[in-house]
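**Student:** Sequential numbering from 752 applies to the sequence shown in this note's numbering. Glycine is no exception: its CB is placed at the ideal position from the N, C-alpha and C atoms.
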Amino acid sequence: MSFFQHALENELETNQSRNTYFMDGGNRFISVPNLGYHTKPSASIARLFEDWLAEKLYCQPTSEAAEQQRLPILQDSVELVAEDILNKIKSNQMWRKGIDKVLIKVRAGHVYTYHSLEGGQPLITQEMEELFQQFPLFVEMHVHATLREGAPSTQCMLSIENVTVNPHQPYKIMEEF
């Protein structure tokens, strides 16, 4: 699996899409797309992921006590999250057209673990502090895809990293559709 991931991440001809979602721990999130990272084939997978994220957050119990007890995605097992995302992707295969291989990388955690400078200091500026007080959790999704006209199947690798549960050791699952 590592060879597959390394090959797609370093392939010059990959289509890419990258989004970061900041969540409030309840049922609100905002999307921060990374400019220049959206191409049509990968963007359709990103939309499926965003649909999954919205369903995951909005279908939670609405009682105040239940919301305080559980953080969706961050407190779910990484295996369950991976299976859930894979099932969402398999449920709508319109995105597959012309895609030969796809790598979907998902990271989730608290904003102070989002990206760090050398020495472990969080990469957070003063201007970002107010936003992060309202939306202290993040989910980052990055798609790499290679195209091949008339591809009979698509190899899909999903990598999930919860920075509090399995930092730097993402759970990986691979399927062929």
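(1) Out of F773, F928, A902, state which residue places its alpha-carbon closest to the alpha-carbon of E881.
(2) DSSP three-state call for F780: helix, strand or coil?
(3) Cβ atoms of C907 and E891: under 8 Å apart, would you say?
(4) Tell me whether D775 sits in a helix, a strand or coil according to DSSP, three-state version.
(5) Going by Cα to Cα distance, which pick from L888, E764, E834, V829 is closest to V783?
(6) How many Å lie between Y922 and P792 at the Cα?
(7) V857: which of L808, E806, L825, I781 sits nearest, CA to CA?
(8) From this set, L909, I924, I855, which residue's C-alpha is nearest H893's C-alpha?
(9) Identify whether S904 lies in helix, strand or coil by the three-state DSSP scheme.
(10) Hey, I924 and A797 are a contact pair by Cβ (cut 8 Å); roughly how many whole angstroms apart?
(11) Are the Cβ atoms of T905 and F928 separated by less than 8 Å?
(12) Within 10 angstroms of the Cβ of N917, are there 16 or more other Cβ atoms? Answer buried if so, exposed if not.
(13) Check the C-beta distance from W803 over to K839 and give it rounded, since I have them as a contact under 8 Å.
(14) Could you please give me the residues that DSSP links to N913 through a beta bridge?
(15) Please report how far the alpha carbon of N913 lies from the alpha carbon of D827, in whole angstroms.
(16) I'd like the list of long-range same chain contacts for Q844, defined as Cβ closer than 7 Å, with 5 residues on each side in sequence excluded.
(17) Which two residues bound the contiguous alpha helix (DSSP H) that contains F886?
(18) Is it buried or exposed for G860, if we count other Cβ within 10 angstroms and need 16 for buried?
**Tutor:** Walking through what the data contain:
(1) F773
(2) strand
(3) no
(4) coil
(5) Per the Cα distances, L888.
(6) 24 Å
(7) With distances taken between Cα atoms, V857 lies closest to L825.
(8) I855
(9) coil
(10) Not really, about 18 Å apart at Cβ, beyond 8 Å.
(11) yes
(12) With fewer than 16 Cβ atoms within 10 Å of its Cβ, N917 is classed as exposed.
(13) Confirmed, about 4 Å.
(14) A859
(15) Roughly 9 Å separates the two Cα atoms.
(16) F928
(17) From DSSP, F886 is part of no alpha helix (DSSP H); its letter is neither H nor E.
(18) buried
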